[in-house]
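S.K.:
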Amino acid sequence: MNINGRRRRTTVNVEAPEVQSIDDDFYDCMLSFLRGLKIDDKSEYTITYYQSQLSRFMYTLEDRRIKTNLRAITREIIEDEYVRYLVEERRLKHASIASALRALRAFFNWAKGRGIIDKSPIDNVKIGEPKPPIIETFSRDQLRELFRQPDPKLFVGLRDLAIMSVFLDTGVRVRELCDIKVDDVRLADRQILIAGKSGEQRLVPIQTQTIRILKRYIAARGDSYVDWLFITVDDEQMNRDSVRRRIEKYGRQAGITNVRCSPHTFRHTFAKMSVQNGADLFTLQKILGHKTLDMVRRYVNMFSEDTKRAHERFSPMENLRIRF
73 MNINGRRRRT TVNVEAPEVQ SIDDDFYDCM LSFLRGLKID DKSEYTITYY QSQLSRFMYT
133 LEDRRIKTNL RAITREIIED EYVRYLVEER RLKHASIASA LRALRAFFNW AKGRGIIDKS
193 PIDNVKIGEP KPPIIETFSR DQLRELFRQP DPKLFVGLRD LAIMSVFLDT GVRVRELCDI
253 KVDDVRLADR QILIAGKSGE QRLVPIQTQT IRILKRYIAA RGDSYVDWLF ITVDDEQMNR
313 DSVRRRIEKY GRQAGITNVR CSPHTFRHTF AKMSVQNGAD LFTLQKILGH KTLDMVRRYV
373 NMFSEDTKRA HERFSPMENL RIRF
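Start counting the sequence shown at 73; every next residue gets the next number (the numbering used here).
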């Protein structure tokens with residue numbers, strides 16, 4: 073039994089009958105909140121996300137023998153008992169903590185809207201600004217080594233060469249690559265139709281080298297009962313994990329140790345090399361499928377050669393003409 077006098081639940085039954093009178097009991101309120109999400113036709117992923125985040129919060133407080141009634145939960149409890157637990161014991165990253173707090177914020181706002189609490193205790197909870205992650209990219213020599221690893225005489229080798237070519241030529245996300253269908257590849261138009269986030273589609277250009285390898289791969293792929301472009305030898309769709317494992321394998325074979333060999337590193341490398349070759353903000357945003365220019369500006373700020381060339385012109389040290 074826990075501090076609130078009930079056995080710990082390991083699952084939440086969203087289908088349970090509606091509670092007629094909801095007080096400020098955390099578990100009962102959570103049930104009602106999740107049931108509302110289901111009624112609103114939210115996805116199973118969304119419901120599972122809220123269920124796991126809210127349950128973890130409730131159990132964390134119970135393990136610390138802190139009352140979980142909604143009216144008893146304060147900003148200090150959230151910061152001192154929960155956020156500190158996530159940072160010091162779970163060692164979660166900023167993004168994971170922010171995700172946990174988003175779930176709590178939505179839940180407490182729901183409770184406030186229902187009149188269960190007068191004020192949300194999470195309103196002023198701060199976790200600080202995240203440190204910008206380091207953007208890792210492949211060097212040109214590393215890319216050459218990576219592309220030497222797959223054996224084009226084998227189906228899987230030819231397929232993996234095509235996968236890496238599409239990654240480097242388009243900067244698509246791994247999920248987007250896995251969802252490409254054969255009919256999405258428009259070789260005559262030198263484009264691929266990409267299904268982006270939230271179902272938004274965009275046409276991404278491809279160039280001669282990628283077109284050449286895709287033609288060879290599509291011919292070797294032949295007919296299949298599935299429409300996906302990139303498939304296994306058993307005619308199954310390549311999934312994100314299998315694509316990641318293939319690239320990690322080639323990275324090990326190429327002896328690359330200072331850069332994470334992943335699909336996302338290809339995406340960053342595409343952005344870097346595009347910026348250095350003169351791509352403008354709006355073209356890059358469209359190709360990468362970003363809704364805002366924030367990330368694209370970051371690419372430009374980090375990788376633009378203009379800053380380097382300008383510094384060569386105005387460097388105070390250089391202009392002093394000191395001889396050593």
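Virtual Cβ for every residue (Gly too), placed ideally from N, Cα, C. Model, not experiment: these values are computed from the prediction.
I'd like the list of long-range same chain contacts for residue 122, defined as Cβ closer than 8 Å, with 5 residues on each side in sequence excluded.
M.R.: Cβ within range, chain order: 105, 106, 109, 175, 178 and 179.
S.K.: For residue 268, I'd like the list of residues in its chain whose CB is within less than 7 Å of its CB, leaving aside the five on either flank, ordered along the chain.
M.R.: 248, 274 and 361
S.K.: Taking just the CA atoms, how far does residue 161 sit from residue 186?
M.R.: 34 Å
S.K.: Going by DSSP in three states, residue 224 sits in which element: helix, strand or coil?
M.R.: coil
S.K.: Look at the Cβ atom of residue 285, then the Cβ atom of residue 237, and state whether they are nearer than 7 Å.
M.R.: yes
S.K.: Along the chain, which unbroken stretches of the alpha helix (DSSP H) at least 4 residues long are found entirely within the stretch 275-346?
M.R.: 280-293 and 312-325
S.K.: For residue 158 and residue 115, what's the separation of their Cα atoms in angstroms?
M.R.: 26 Å
S.K.: Grouping DSSP H, G and I as helix and E and B as strand, with all else coil, what is residue 265?
M.R.: In the structure shown, residue 265 sits in a strand (DSSP, three-state: E or B).
S.K.: For residue 181, which residues of its own chain have a beta-carbon under 7 Å away from its beta-carbon, when the five flanking residues on both sides are left out?
M.R.: Within the same chain, residue 181 has close Cβ partners 192.
S.K.: Could you have a look at residue 257 and say whether DSSP puts it in helix, strand or coil?
M.R.: strand
S.K.: Whole angstroms is fine: what's the gap from residue 148's alpha carbon to residue 199's?
M.R.: 13 Å
S.K.: Among the candidates 150, 370, 329 and 324, whose CA atom is the shortest distance from the CA of residue 343?
M.R.: 370
S.K.: Less than 8 Å between the CB atoms is what I'm expecting for residue 319 and residue 310, so what's the real figure, rounded?
M.R.: That belief does not hold up - the Cβ atoms of residue 319 and residue 310 are roughly 12 Å apart, past 8 Å.
S.K.: Of the choices 355, 151 and 144, whose alpha-carbon is the least far from that of residue 276?
M.R.: 355
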